[in-house]
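Before any comments, here is the structure.
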Amino acid sequence: MKNWRKATKDFILNERRKPDAKYYIQALAETLESLRPRSQTDRGRIEVAKQHVTEIRRHLRRAESKVQQLEEELNILREEKDKK
Numbered sequence: 325m326k327n328w329r330k331a332t333k334d335f336i337l338n339e340r341r342k343p344d345a346k347y348y349i350q351a352l353a354e355t356l357e358s359l360r361p362r363s364q365t366d367r368g369r370i371e372v373a374k375q376h377v378t379e380i381r382r383h384l385r386r387a388e389s390k391v392q393q394l395e396e397e398l399n400i401l402r403e404e405k406d407k408k
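For the sequence shown, the working numbering assigns the number 325 to the initial residue and increments by one for each residue that follows.
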């Protein structure tokens with residue numbers, strides 16, 4: 325459960341957590357979009373980099389889903405252990 329008072333205080337004081345992987349991926353994608361290639365070679369490299377960013381996003385979503393699943397399983401195991 326989140327501590328809403330602390331979250332509100334952090335927001336007001338502009339004290340944020342360290343950005344997560346999604347933030348960095350988004351920033352990278354925006355940087356790639358803003359590039360203006362000067363040659364076909366550069367254009368190809370940028371397109372490959374964009375495809376890599378898409379794949380990284382896909383892998384990150386899978387990893388986050390797996391972590392969530394494992395956390396739920398861990399909570400169930402802890403609850404079962406506490407009942408004994």
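No residue lacks a Cβ here, since even glycine has one placed at the ideal position from N, Cα and C.
For LEU384, the three-state secondary structure derived from DSSP is helix. In terms of CA proximity to LYS346, ARG382 leads the group ARG382, ASN399, LEU401. DSSP places LEU356 inside the alpha helix (DSSP H), whose first and last residues are 345-358.
If you draw a straight line from the Cα of GLU379 to the Cα of ASP406, it comes to about 40 Å.
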